[in-house]
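If you count the sequence shown from 1, you need to add 12 to reach the working numbering. Structure record follows, encoded as structure tokens.
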Amino acid sequence: MSLPDKGRSTEELLAEITRLKREDLPVRGGKVTAYVYDTGRPEVHEAAARAYFEMLEVNTLDPTAFPSVVEMEKQVVGAVAELLGGGSGIFTSGGTESIMLAVKAARDARETAGRPRMAVPVTAHPAFHKAAHYLGLVVDAVPVDPVTFRASPADVEAAITEDTVLVVASAPSYPQGVIDPVAGIAAIAAARGVPCHVDACVGGWLLPWLREAGADIPPFDLSVPGVTSLSCDLHKFGYAPKGASVVLFADPAMRRRAYFASASWPGYTVINATVQSSKSAGPLGGAWATLQALGREGYLELGRTTLAAARELRAGIAKIPGLRVLGDPESALVAFGSDGGSGSGSHGDSGGEGVDVFVLSDEARRRGWFLQPQLSYSGIPANIHITVTGVTLRGVEAMLEVIAQSVEAARERGPAKLPEGLVELVAGLDLDALDDAAFGELASAVGVDLGGSGQPEMAVVNAVLDALPADRREAILIRFLSVIYS
Ligand SMILES: Cc1ncc(COP(=O)(O)O)c(C=O)c1O
Numbered sequence: 013m014s015l016p017d018k019g020r021s022t023e024e025l026l027a028e029i030t031r032l033k034r035e036d037l038p039v040r041g042g043k044v045t046a047y048v049y050d051t052g053r054p055e056v057h058e059a060a061a062r063a064y065f066e067m068l069e070v071n072t073l074d075p076t077a078f079p080s081v082v083e084m085e086k087q088v089v090g091a092v093a094e095l096l097g098g099g100s101g102i103f104t105s106g107g108t109e110s111i112m113l114a115v116k117a118a119r120d121a122r123e124t125a126g127r128p129r130m131a132v133p134v135t136a137h138p139a140f141h142k143a144a145h146y147l148g149l150v151v152d153a154v155p156v157d158p159v160t161f162r163a164s165p166a167d168v169e170a171a172i173t174e175d176t177v178l179v180v181a182s183a184p185s186y187p188q189g190v191i192d193p194v195a196g197i198a199a200i201a202a203a204r205g206v207p208c209h210v211d212a213c214v215g216g217w218l219l220p221w222l223r224e225a226g227a228d229i230p231p232f233d234l235s236v237p238g239v240t241s242l243s244c245d246l247h248k249f250g251y252a253p254k255g256a257s258v259v260l261f262a263d264p265a266m267r268r269r270a271y272f273a274s275a276s277w278p279g280y281t282v283i284n285a286t287v288q289s290s291k292s293a294g295p296l297g298g299a300w301a302t303l304q305a306l307g308r309e310g311y312l313e314l315g316r317t318t319l320a321a322a323r324e325l326r327a328g329i330a331k332i333p334g335l336r337v338l339g340d341p342e343s344a345l346v347a348f349g350s351d352g353g354s355g356s357g358s359h360g361d362s363g364g365e366g367v368d369v370f371v372l373s374d375e376a377r378r379r380g381w382f383l384q385p386q387l388s389y390s391g392i393p394a395n396i397h398i399t400v401t402g403v404t405l406r407g408v409e410a411m412l413e414v415i416a417q418s419v420e421a422a423r424e425r426g427p428a429k430l431p432e433g434l435v436e437l438v439a440g441l442d443l444d445a446l447d448d449a450a451f452g453e454l455a456s457a458v459g460v461d462l463g464g465s466g467q468p469e470m471a472v473v474n475a476v477l478d479a480l481p482a483d484r485r486e487a488i489l490i491r492f493l494s495v496i497y498s
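Structure follows, in structure tokens:
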């Protein structure tokens with residue numbers, strides 16, 4: 013865009029936004045089973061949007077200038093602490109920032125002889141790797157059980173070293189929706205004098221309601237001895253607009269370690285609870301309003317429908333020949349793979365009843381549904397991930413129907429056909445010698461349109477990525493990002 017000479021009217025701008033969003037996935041209606049969380053209650057989203065707008069211009073940079081921010085944040089954090097075992101918290105922009113702050117607090121709580129380290133199950137969210145990358149820690153990966161996908165306390169203990177400043181458990185972990193044995197892991201951590209963070213980003217505002225609705229949910233929050241911090245995203249199962257998460261610390265001294273202040277310049281004094289400094293209070297207003305618009309009753313009702321939908325979905329998938337649900341998830345996240353897929357590097361192309369899950373995902377997208385593909389990793393096969401939300405129950409039969417049709421279609425099409433030598437070519441690419449334009453041309457030469465939109469066929473891309481080791485995948489993904497923003 014070049015800046016227009018004259019200002020344009022609001023109507024014109026909104027019409028243009030509508031045009032820009034034409035190829036976007038829909039954020040309502042339940043056909044997109046990742047990224048978005050829909051209550052199915054428009055009035056709740058309306059309340060959140062209006063409160064967001066009301067707080068939009070308020071800057072949380074200076075809480076003395078805008079006391080509304082302090083009061084609202086105390087109320088929101090207080091509600092989360094009340095549900096999740098107490099503690100002192102910070103309202104952040106999302107799971108990644110909550111995790112970043114928990115890692116920073118743990119790093120700064122103790123001097124280590126070598127570089128500080130974290131014991132992190134392989135199923136934990138990449139936000140821990142990102143925090144380690146930004147904050148100078150080393151990640152010690154903890155394997156998970158290949159059947160249950162849970163990390164064992166013994167394996168976590170084996171990963172603890174003299175320099176370990178934090179151990180991590182997820183409630184649940186995103187990929188298969190299973191809850192790590194938090195009590196066992198936290199007890200080991202406490203015995204070794206190491207803080208334990210529970211990543212309840214996706215589960216914190218879900219599991220208590222599922223439990224109340226009848227699900228068997230083990231203790232996972234700050235009331236568990238040894239748990240020192242916990243992250244809970246309100247922009248996931250809190251159904252708040254994006255930019256809303258809370259990190260809780262059992263000890264207020266740990267919360268102070270997450271804070272940052274600077275008086276080392278001649279400008280205004282800087283006191284930051286979060287990574288961002290100037291920031292809109294819109295997300296805080298949106299989260300505050302969503303909590304109040306739904307209330308206990310609303311969340312419990314959403315918990316009931318979510319639980320019913322997740323059960324129906326798991327049972328329905330198990331009946332589709334060629335598919336199997338991975339693990340025994342207690343939460344509302346369901347991952348399924350192909351009977352033909354076993355272990356890293358396989359996305360289900362080994363014949364029999366198996367189907368290529370990446371082709372299956374493309375087939376579902378053609379039918380108007382987004383089912384999220386996940387690459388194989390650490391012995392866990394490639395699979396499809398569905399986040400069940402408040403609206404899923406109304407459409408669960410339709411979703412199962414589409415999955416069954418997509419399986420059939422994927423079986424007919426067969427596995428993604430990779431041009432001969434493509435994986436080897438990508439594996440051996442000297443990325444430093446290629447600029448973004450050359451990378452884009454190379455991709456289109458092998459049939460991958462990186463500038464495309466709408467209904468992209470991703471099976472080939474996913475199959476190539478799946479065949480590469482993680483560090484190569486990362487290098488290619490970074491290049492992809494650079495190309496699409498060129
Ligand atoms: C378990 C878990 N932790 C952390 C995150 C990161 O959250 P965000 O995308 O809000 O940064 C996610 C996101 O899905 C998650 O599922």
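The beta-carbon is built from N, C-alpha and C at its ideal position, and this holds for glycine as well. Note that the structure is a prediction, hence the values are computed from the model and not measured.
- By the beta-carbon neighbour count (other beta carbons within 10 angstroms, threshold 16), E309 is exposed.
- Exclusion of the five residues before and after G101 leaves V89, V92, A93, V258, V259, L260, F261, R267 as the residues of its chain whose Cβ lies within less than 8 Å of its Cβ.
- V337 sits in a strand when the DSSP states are folded into three classes.
- Within the chosen limit of 7 Å, ligand 1 reaches the beta carbon of D211 through at least one heavy atom.
- With a cutoff of 7 Å, S182 counts as near ligand 1, since its C-beta is closer than that to a heavy atom of the ligand.
- Ranked by how close their Cα comes to the Cα of Y251, the residues L37, A347, V56 have V56 in first place.
- With 16 or more other Cβ atoms from the protein chains shown falling within 10 Å of its own Cβ, G216 counts as buried.
- With a cut-off of 7 Å, the C-beta of T302 is classified as distant from ligand 1, since no heavy atom of the ligand falls inside that distance.
- For A256, the secondary structure class from DSSP, reduced to helix, strand or coil, is coil.
- Residue pairing by DSSP puts V239 in a beta bridge opposite C208.
- Of the candidates L480, A450, G380, the residue whose Cα lies closest to the Cα of D36 is G380.
- Q188: not part of any beta strand (DSSP E); DSSP gives it neither H nor E.
- When rounded, the separation of the alpha-carbon atoms in P230 and V180 is 17 Å.
- The nearest non-hydrogen atom of ligand 1 is less than 7 Å from the C-beta of Y186.
- With contact defined as three or more Cβ pairs closer than 8 Å, the stretch 444-452 and the stretch 392-404 are not in contact.
- In this structure D175 is in contact with G126, their Cβ atoms being roughly 5 Å apart against a cut-off of 8 Å.
- Here the alpha carbon of S276 sits roughly 50 Å from the alpha carbon of G42.
- In the displayed model, Y389 falls within a strand according to three-state DSSP.
- Annotation for I488: the continuous alpha helix (DSSP H) segment containing it runs 482-496.
- A residue is called buried when at least 16 other Cβ atoms come within 10 angstroms of its Cβ; D233 meets this threshold and is buried.
- Taking the Cα positions, A144 is about 12 Å away from A117.
- Distances from the CB of G226 to the heavy atoms of ligand 1 are all 7 Å or more.
- When I332, S292, R406 are compared, the shortest CA-CA separation from L314 is found for R406.
- Straight-line spacing of the CA atoms in G433 and P187 works out to 30 Å.
- Membership of N474 in the alpha helix (DSSP H) is indicated by the continuous run 471-478.
- Taking the Cβ atoms as the reference, A183 lies roughly 16 Å from D157, outside the contact range of under 8 Å.
- In terms of CA proximity to A46, K248 leads the group K248, V435, A487, L325.
- Taking 7 Å as the cut-off, one finds at least one heavy atom of ligand 1 near enough to the beta carbon of I111.
- For R129, no alpha helix (DSSP H) encloses it; the enclosing beta strand (DSSP E) starts and ends at 129-133.
- Taking P128 as the centre and dropping the five residues before and after it, the same chain places the C-beta of R119, L149, D175, V177 closer than 7 Å to its C-beta, in chain order.
- In this structure, V154 has its CB at a distance of at least 7 Å from all heavy atoms of ligand 1.
- For H397, the three-state secondary structure derived from DSSP is strand.
- Just so you know, the alpha carbons of L306 and R53 end up roughly 9 Å apart.
- The three-state reading of DSSP puts F161 in coil, since its state is none of H, G, I, E or B.
- For S110, the uninterrupted alpha helix (DSSP H) run begins and ends at 107-121, by DSSP.
- Scanning G189, L32, L441, P207 for the CA closest to the CA of R122 turns up P207.
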